[in-house]
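Comments concern the structure below.
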Amino acid sequence: MKTRVCELLNIEYPIFQGGMAWVSTYELAAAVSEAGGLGIIAAGGADGEYVRNQIRKIKEITKRPFGINVMLMSPYVDDVMKIIIEEKVPVITTGAGNPGKYIKALKEKGTKVFPVVPSVALAKRMEKEGVDGVIAEGTESGGHIGELTTMCLVPQVVDAVSIPVIAAGGIGDGRGMLAAFALGAEGVQIGTRFVCSNECVVHENYKRAIIEAGDRDAVATGRKTGHPVRCLKNKLTREFEKLENSNADKEEIEKLGTGALRKAAILGDIEYGSVMAGQISGLIKDIKPCKTIISDLIKDYEENLKKLKEWCR
Ligand code: TUI
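So for the sequence shown, the working numbering puts the first residue at 224; every next one is plus one.
Encoded structure:
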């Protein structure tokens with residue numbers, strides 16, 4: 224399984240671990256990078272010093288490439304980008320916006336840039352601005368989401384650009400990976416599956432909520448406010464629904480989400496906190512080391528590829 228992405232980033236498998244705020248710390252990212260994928264630390268809403276500290280820690284425990292995910296809505300985004308540039312980070316991924324104004328400075332330091340794109344239009348624009356690849360993320364994903372499904376977004380982005388496309392959203396095993404490659408992706412980004420790993424430092428209640436989730440439990444709230452977020456159904460999502468169906472104003476609805484991810488991820492409050500997770504949660508049944516997650520993904524991918532070749536002769 225060698226694609227352009229492996230060569231470009233000097234990684235064994237074209238598997239990115241999603242950069243999830245409060246969840247993707249250097250411990251998780253290092254474990255994924257050591258297992259041959261691309262581990263990614265999430266900057267989330269943290270400040271530059273947090274990010275610098277995370278970069279220094281990961282560099283102490285792995286010599287393999289890693290990435291930082293920058294959430295572009297963060298109030299600290301300029302500060303975080305400055306530190307990423309100073310620290311010469313191998314790869315960055317971005318989410319929740321257009322990273323255009325930072326691309327030149329990042330590329331000058333040799334940082335490879337992979338923005339998340341929820342549309343063909345942004346993918347084309349990013350290619351023109353010189354990014355190395357794009358992450359086409361479907362609405363199946365956890366957290367802040369776009370409109371289109373992975374199945375529809377990935378092939379349209381693949382046709383629109385010539386840089387590598389990483390598929391994200393709804394991928395949790397080798398079958399999902401194979402399907403993404405069939406759509407023309409040259410890599411996958413996997414988030415929710417890596418939450419349920421031994422190395423992920425998120426609260427145990429959060430992991431258990433994913434393991435216990437069924438196929439219809441990961442719901443999107445906030446479509447009305449223009450900031451849709453997918454998380455596991457609980458008292459918080461019901462409260463969101465109630466407010467969205469009333470005449471509450473945007474600010475009042477958004478206030479409900481403030482601090483809610485930390486509440487779930489760090490404090491383990493899975494009833495009133497925001498348990499961001501993707502629609503693939505229902506498929507995830509265990510907690511295992513990142514190395515096993517990756518080797519199982521590859522094994523499953525290969526078995527299913529063989530099966531497909533037999534079926535489709
Ligand atoms: O960013 C994500 N997922 C996230 S960020 C996050 S932190 C957060 N916490 C509380 C409330 C809201 C967010 C949790 N999950 N995924 C990548 C992603 N990017 N999804 C959608 C987009 C996106 C949307 C619009 C990317 C670009 C974009 O462009 C708009 C433009 O300016 O053209």
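Virtual Cβ for every residue (Gly too), placed ideally from N, Cα, C. Every value quoted in this text rests on a predicted model; they were computed, and no experiment measured them.
Query                                                                                                                                                                                            : Result
Where residue 410 and residue 319 are concerned, what is the direct C-alpha to C-alpha distance, given to the nearest angstrom?                                                                  : 20 Å
Using only the alpha-carbon positions, how far apart do residue 231 and residue 338 sit?                                                                                                         : 16 Å
Taking the Cβ atom as the reference point for each residue, do residue 453 and residue 501 lie within a distance shorter than 8 Å?                                                               : yes
What's the call for residue 229, buried or exposed, on a 16-neighbour Cβ count within 10 Å?                                                                                                      : buried
Look at residue 271 and residue 299 and say whether their C-beta atoms are less than 8 Å apart.                                                                                                  : yes
Return the CA-CA distance between residue 173 and residue 517, expressed in angstroms with no decimal places.                                                                                    : Outside the displayed range of the chain (224 to 536) lies residue 173, so it cannot be described from this structure.
Is residue 455 near the ligand TUI, going by C-beta to nearest heavy atom under 7 Å?                                                                                                             : no
Between 446, 316 and 420, which has its C-alpha nearest residue 246's C-alpha?                                                                                                                   : 420
Is residue 231 near the ligand TUI, in the sense that its beta carbon is under 7 Å from a heavy atom of that ligand?                                                                             : no
Provide the residue span of the alpha helix (DSSP H) that contains residue 314, from first to last.                                                                                              : That residue, residue 314, is in no alpha helix (DSSP H); its beta strand (DSSP E) goes 314 to 318.
DSSP has residue 369 in a bridge; who is on the other side?                                                                                                                                      : Beta-bridge pairing links residue 369 to no other residue.
Identify, in the order they occur along the chain, each residue of the same chain with its Cβ nearer than 7 Å to the Cβ of residue 400, setting aside the five sequence neighbours on each side. : 394, 411, 520 and 524
What are the start and end residues of the alpha helix (DSSP H) that includes residue 294?                                                                                                       : That residue, residue 294, is in no alpha helix (DSSP H); its beta strand (DSSP E) goes 289 to 294.
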